[in-house]
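Novice: Dropping the structure in here first, questions after.
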Amino acid sequence: MTNEPEQHSAIDPALYFDAHIFVCCNRRPDGHKRGSCAARGSEALRDYMKARVKEAGVPHARVNMAGCLDRCEDGPCLVIYPAGTWYKIETREDVDRIIAEHLLKGGRAEDLRLPDGRSA
Ligand code: FES
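Numbering (the working numbering) for the sequence shown: 33 to 152.
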């Protein structure tokens with residue numbers, strides 16, 4: 033057993049999606065100390081992203097709603113696999129930029145990224 037991060041390996045099947053996007057849509061009660069992404073508008077942004085990804089014809093991509101991704105204080109947030117890139121999304125313009133810069137061009141919307149690395 034090692035402490036190395038999980039990697040996609042040659043013994044694994046081909047990726048089913050080129051980009052699998054998980055948007056946190058967790059909702060906590062008002063006043064909860066951690067807040068929640070849904071309380072900050074993530075559900076509408078997820079719906080918008082799903083529609084825009086389809087309209088833009090992004091190949092082999094899927095947008096899913098997710099439960100809490102444990103980066104609540106940084107939310108609303110999403111993560112794109114297999115890249116493992118995390119973004120904070122606050123507006124439709126943020127979503128448009130992630131689609132254009134990450135999903136269509138293969139780059140990164142750098143100023144929207146959450147810090148890399150694990151918390152522990
Ligand atoms: S509520 Fe969204 S990451 Fe926890």
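We put the CB at the ideal spot given by N, CA and C, even for glycine.
For R94, which residues of its own chain have a beta-carbon under 6 Å away from its beta-carbon, when the five flanking residues on both sides are left out?
Specialist: F49 and H52
Novice: Helix, strand or coil for Y48? Go by DSSP, reduced to three states.
Specialist: coil
Novice: Which same chain residues, not among the five before or five after H40, have their C-beta less than 8 Å away from its C-beta?
Specialist: In its chain, beyond the 5 residues on either side, L47 and P114 have a beta carbon closer than 8 Å to the beta carbon of H40.
Novice: How many Å lie between V111 and V55 at the Cα?
Specialist: 7 Å
Novice: Quick one: grab the DSSP three-state call for L101.
Specialist: coil
Novice: Using three-state DSSP, classify R145 as helix, strand or coil.
Specialist: strand
Novice: What are the boundary residues of the alpha helix (DSSP H) that includes I130?
Specialist: R124 to I130
Novice: Determine, using beta carbons only, whether L77 and T123 come nearer to each other than 9 Å.
Specialist: yes
Novice: Could you spell out the range, first to last residue, of the alpha helix (DSSP H) harbouring V85?
Specialist: S74 to A88
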